[in-house]
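The listed protein sequences derive, respectively, from chains A and B.
The letter at position 109 of the first sequence is residue 109 when you use the UniProt record's numbering, and the numbering goes up by one with no holes.
The letter at position 217 of the second sequence is residue 217 when you use the UniProt record's numbering, and the numbering goes up by one with no holes.
Note that CB positions come from ideal geometry on N, CA and C, so glycine has one too.
This report concerns only the one structure given below.
There are 2 protein chains.
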Amino acid sequence: MTNRQPTLSEVAKLAGVSVGTVSRVINNAPHVSRKARDVVERAIEEFGYVPNVAARSLASQRSGAVVLAISSDDPALFANLFFAQVISGVNAVIEESDLELMLVLAASERGRSRLSKILQSRAAAGVMLLALRENDPLTKIAEGSGVPVVHGGRSLDVDPPWYVDADNRGGARQAVEYLISAGRTRFATITGPQDMHAGVARYLGYREAMALAGLSDQRVVHSDFTEDGGRAAMAHLLAEHPDLDAVMVASDIMAAGALVLLKERGIDVPEQVAVVSASTTSSPPSTPSPRSPPSASRSRRSAAR
Amino acid sequence: MTNRQPTLSEVAKLAGVSVGTVSRVINNAPHVSRKARDVVERAIEEFGYVPNVAARSLASQRSGAVVLAISSDDPALFANLFFAQVISGVNAVIEESDLELMLVLAASERGRSRLSKILQSRAAAGVMLLALRENDPLTKIAEGSGVPVVHGGRSLDVDPPWYVDADNRGGARQAVEYLISAGRTRFATITGPQDMHAGVARYLGYREAMALAGLSDQRVVHSDFTEDGGRAAMAHLLAEHPDLDAVMVASDIMAAGALVLLKERGIDVPEQVAVVSASTTSSPPSTPSPRSPPSASRSRRSAAR
DNA sequence: GTGAAAGCGCTAACAC
DNA sequence: GTGTTAGCGCTTTCAC
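Below is the structure:
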């Protein structure tokens with residue numbers, strides 16, 4: 001279909017200018033005459049010139065790819081909305097530049113050594129760490145590489161200088177405040193695991209909202225981001241505090257369990273009890289590690305149906 | 001932390017051999033003496049040599065990255081288990097070689113032109129197409145690039161020579177056969193959209209199983225892979241065929257709707273009606289396009305609780 | 001404002 | 001089995 005791509009110097013020849021000029025145009029450097037620029041641009045267009053990235057990054061010594069390192073190779077774990085959103089966001093920025101996105105699944109020893117090779121081969125302009133577990137080896141690898149590091153989501157044990165994460169605390173707080181403004185007063189909460197960042201942060205947001213409204217934050221059951229956990233927690237709450245009129249659940253999946261139980265008990269939602277939850281993207285503790293994976297989440301409000 | 005990485009020729013000097021020898025060792029080419037190989041390997045180890053990928057792919061003219069092109073920038077759409085599984089699988093293979101995985105979100109015009117640039121810049125060893133919509137421009141771009149193409153999941157309008165996809169038909173059939181072996185006889189099905197590959201294939205599998213067992217395949221409602229759709233479809237089925245004792249639902253999410261309705265009607269699952277569904281990872285029709293996104297799915301059996 | 005030329009770090013062909 | 005060397009296609013000085 002297409003002929004062999006022309007090289008930069010071929011373009012130069014065809015356009016009747018020097019390689020220097022073509023290069024300047026491509027990198028839109030200053031000191032190029034309007035005329036030369038036009039000629040070159042036309043030639044590029046006409047012959048379908050596409051720069052060779054390898055040559056470019058070899059010559060320029062800087063390069064080229066932002067690495068997305070995922071400390072998990074469990075599809076169920078990294079197939080989640082939060083990561084997808086982060087990736088989508090990163091991609092949007094990447095598109096502006098001519099960087100590219102490199103994906104490295106670095107859960108195994110082998111994957112990790114691959115990652116550190118890649119980071120060291122000066123092929124990476126920066127690295128984003130995703131799905132870190134507590135005490136994750138990737139943290140060290142990334143730091144040791146000398147490449148700029150940013151975390152996607154936080155875990156409890158690191159407080160990264162650069163990160164992107166959902167506002168779990170603020171989101172939880174807003175969700176609750178919505179119910180407060182709707183007139184609810186006897187709140188309870190079902191929290192996520194308190195050794196996960198999202199679990200802690202959402203609980204914090206809940207307590208903040210309670211404190212600000214002068215309401216009691218004493219009705220609380222800690223749970224585990226699973227549906228069964230949510231269901232059990234709801235049963236517990238109902239037993240202890242039969243008079244409650246609102247529940248903030250720290251994740252949708254737990255809320256699903258809670259809603260099932262409420263329905264079974266014949267309690268009308270949202271008439272008798274209003275429910276809000278966070279659309280978590282966290283998973284329950286991962287198999288290999290006794291610790292939980294990091295939380296990565298996003299809050300929303302919903303007067304549950 | 002680390003000093004500047006040594007280059008290959010520096011390693012050669014330090015090891016007291018020629019660059020050719022070092023290069024041979026690295027690419028474990030033949031004709032290297034045991035002794036030389038040892039010396040070089042030790043030097044590589046000691047000085048922490050990591051090949052410069054840019055230089056390598058420039059010199060060798062072949063390079064280096066497998067492109068994962070996703071025709072969607074909607075996080076909700078590509079955050080799904082099927083893609084994650086595919087990616088995980090691809091990654092496992094990639095790890096063996098020293099290729100790398102490049103991620104390109106190519107839903108917008110801009111993203112697409114970026115993709116075609118990348119494919120043309122001889123930086124790609126192959127490309128995998130994901131989340132294609134019907135009549136997707138990526139198909140042409142990929143084909144026109146001259147790079148080997150493989151599809152992840154199929155859409156209805158292309159029959160790619162190379163693809164990876166779930167066995168939707170076979171999975172559906174197996175799921176139903178399981179219920180047949182459990183003694184069910186009066187089957188119904190709630191299908192997915194019949195303009196999506198997964199919708200069609202699962203329905204086909206269902207009909208196959210019915211045919212082989214000599215059962216009627218006449219109880220069918222077409223639906224849309226949404227929960228509400230599943231619920232409505234279930235209501236419809238119940239009205240038309242109050243005597244049915246098994247339902248195959250083409251996706252989990254529709255099954256959720258169906259189960260809710262069954263519960264409301266006081267119908268015991270699985271006592272009175274058994275339900276199986278496919279753990280689809282498809283989404284309902286995407287916003288920008290009037291057509292549905294491709295299906296990407298995986299079947300499983302479950303006697304629904 | 002433009003051109004010429006010296007590399008970037010590696011591979012591959014060729015000579016020994 | 002090993003060493004030498006000419007590029008790969010670009011960027012980047014340095015002259016002009």
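For a quick check, are the C-beta atoms of residue 314 of chain B and A/Ala54 less than 8 angstroms apart? Absent from the model: residue 314 of chain B. The displayed extent of chain B is 1 to 305, so no value can be given.
Select from A/Leu58, A/Asn80 and A/Asn52 the residue whose C-alpha is nearest the C-alpha of A/Gly153. Numbered from its first residue, the first sequence carries residue 153 of chain A at position 153. Closest option to A/Gly153, Cα to Cα, is A/Asn80.
Looking at A/Val66 and A/Leu103, is the spacing between their C-beta atoms short of 8 angstroms? Taking the first sequence and counting its residues from 1, the one referred to as residue 103 of chain A is at position 103. Taking the first sequence and counting its residues from 1, the one referred to as residue 66 of chain A is at position 66. Result no, Cβ atoms of A/Leu103 and A/Val66 do not sit closer than 8 angstroms.
Determine which residues of the region 215-245 of chain A have a Cβ less than 8 angstroms from any Cβ of chain B, and write them out in chain order. none
Return the residues of the region 141-163 of chain A that lie within a Cβ-Cβ distance of less than 7 angstroms from chain B, sorted by chain order. Gly144 and Gly146
Take every Cβ of the region 185-202 of chain A, pair it with every Cβ of the region 226-243 of chain A, and state whether three or more of those distances are shorter than 8 angstroms. yes
In chain order, what residues of the same chain lie with their CB nearer than 6 angstroms to the CB of A/Met128, ignoring the 5 residues before and after it? For the purposes of this step, residue 128 of chain A is identified with residue 128 of the first sequence, where counting begins at 1. If we look at A/Met128 and ignore the five residues flanking it on each side, its Cβ neighbours are Leu68, Val150 and Gly152.
Residues of chain B with CB closer than 8 angstroms to the CB of A/Pro51, please, in chain order. The count along the first sequence starts at 1 and reaches residue 51 of chain A at position 51. The answer, in chain order, is Ser121.
8 angstroms is my cut-off, CB to CB: does B/Pro270 come that close to chain A? Numbered from its first residue, the second sequence carries residue 270 of chain B at position 270. It does not; no Cβ of chain A falls within 8 angstroms.
Against chain A: residues of the UniProt domain "HTH lacI-type" (6-60) of chain B by CB proximity under 7 angstroms: Val50, Pro51, Asn52, Val53, Ala54, Ala55, Ser57 and Leu58
When you compare the CB of B/Ser63 with every CB in chain A, is at least one pair closer than 8 angstroms? As a working mapping, residue 63 of chain B is identified with position 63 in the second sequence. It does: the Cβ of B/Ser63 has a partner Cβ on chain A nearer than 8 angstroms.
Out of B/Glu10, B/Ala84 and B/Val276, which has the shortest C-alpha to C-alpha gap to B/Gly48? Translated into the one-based positions of the second sequence, residue 48 of chain B becomes position 48. Closest option to B/Gly48, Cα to Cα, is B/Glu10.
Work out the CA separation of A/Leu156 and A/Gln85 for me, nearest whole Å. As a position in the first sequence, residue 85 of chain A is number 85, starting the count at 1. As a position in the first sequence, residue 156 of chain A is number 156, starting the count at 1. Taking the straight line from one Cα to the other gives about 21 angstroms.
Quick one: which chain A residues come within Cβ less than 7 angstroms of B/Pro193? For the purposes of this step, residue 193 of chain B is taken as residue 193 along the second sequence, with counting starting at 1. Neighbours of B/Pro193 on chain A: none; closest Cβ ~22 angstroms, over 7 angstroms.
Quick check on the DSSP output: the alpha helix (DSSP H) that includes A/Phe187 runs from which residue to which? Against the first sequence, residue 187 of chain A aligns to sequence position 187. No alpha helix (DSSP H) holds A/Phe187; the beta strand (DSSP E) holding it covers Phe187 to Thr191.
If you compare alpha carbons, which of A/Glu45, A/Glu208 and A/Val50 is closest to B/Ile118? Position 118 of the second sequence, counted from the start, is the residue given in the question as residue 118 of chain B. Closest option to B/Ile118, Cα to Cα, is A/Val50.
Are there three or more Cβ pairs, one per stretch, closer than 8 angstroms when the region 171-185 of chain A is compared with the region 232-248 of chain A? yes
Touch check for the region 193-207 of chain A and the region 161-178 of chain A: three-plus C-beta pairs under 8 angstroms? yes
Span of the alpha helix (DSSP H) around B/Val40: Translated into positions along the second sequence, residue 40 of chain B becomes position 40. From DSSP, the alpha helix (DSSP H) with B/Val40 extends over Arg34 to Phe47.
For B/Val276, which three-state DSSP category applies? Position 276 of the second sequence, counted from the start, is the residue given in the question as residue 276 of chain B. B/Val276: strand per DSSP, three-state reduction.
Compile a chain-ordered list of the residues in the region 74-87 of chain A whose CB is closer than 9 angstroms to at least one CB of chain B. Asp74, Pro75, Ala76, Leu77, Phe78, Ala79, Asn80, Leu81, Phe82, Phe83, Ala84, Gln85, Val86 and Ile87
Beta strand (DSSP E) containing A/Val247: first to last residue? In the first sequence, counting from the first residue as 1, residue 247 of chain A sits at position 247. Where A/Val247 is concerned, the enclosing beta strand (DSSP E) stretches over Ala246 to Val249.
Assuming A/Asn168 and A/Ala198 make a contact with CB atoms under 8 angstroms, what is their CB distance in whole Å? Locating residue 168 of chain A in the first sequence gives position 168, counting from the first residue. Locating residue 198 of chain A in the first sequence gives position 198, counting from the first residue. Contact holds; Cβ gap of about 5 angstroms.
If you draw a straight line from the alpha carbon of A/Val147 to that of B/Pro148, how long is it in whole angstroms? By one-based count along the first sequence, residue 147 of chain A stands at place 147. By one-based count along the second sequence, residue 148 of chain B stands at place 148. Roughly 32 angstroms between the two C-alpha positions.
Determine the closest residue to A/Arg42 out of A/Val25, A/His31, A/Ala29 and A/Leu58, with distance taken between C-alpha atoms. Your numbering for residue 42 of chain A matches position 42 in the first sequence. It is A/Val25.
For B/Ser113, count neighbouring C-beta atoms within 10 Å of its own C-beta (all shown protein chains included) and say buried if the count is 16 or more, exposed if not. Translated into positions along the second sequence, residue 113 of chain B becomes position 113. So B/Ser113 counts as exposed.
Identify every residue that forms a DSSP beta bridge with A/Glu100. On the first sequence, residue 100 of chain A is found 100 positions in, with the first residue counted as 1. According to DSSP, which records beta bridges pairwise, A/Glu100 is partnered with A/Ala65.
Excluding sequence positions up to five away, which residues of its chain have a Cβ less than 6 angstroms from the Cβ of B/Glu177? Indexing the second sequence from 1 puts residue 177 of chain B at position 177. Here the set comprises Ala209.
Beta-carbon separation of B/Val141 and B/Leu115 under 8 angstroms? By one-based count along the second sequence, residue 141 of chain B stands at place 141. By one-based count along the second sequence, residue 115 of chain B stands at place 115. It is Ile, not Val, that sits at residue 141 of chain B in the sequence shown. Yes, they are a contact pair.
Using a threshold of 8 angstroms, state whether the C-beta atoms of A/Ala123 and A/Gly64 are closer than that. Taking the first sequence and counting its residues from 1, the one referred to as residue 123 of chain A is at position 123. Taking the first sequence and counting its residues from 1, the one referred to as residue 64 of chain A is at position 64. In this structure, A/Gly64 lies closer than 8 angstroms to A/Ala123 by Cβ.
A/Gly257: first and last residue of the uninterrupted beta strand (DSSP E) it sits in: Counted from its first residue, the first sequence places residue 257 of chain A at position 257. A/Gly257 -> not in any beta strand (DSSP E); alpha helix (DSSP H) instead, spanning Asp252 to Glu264.
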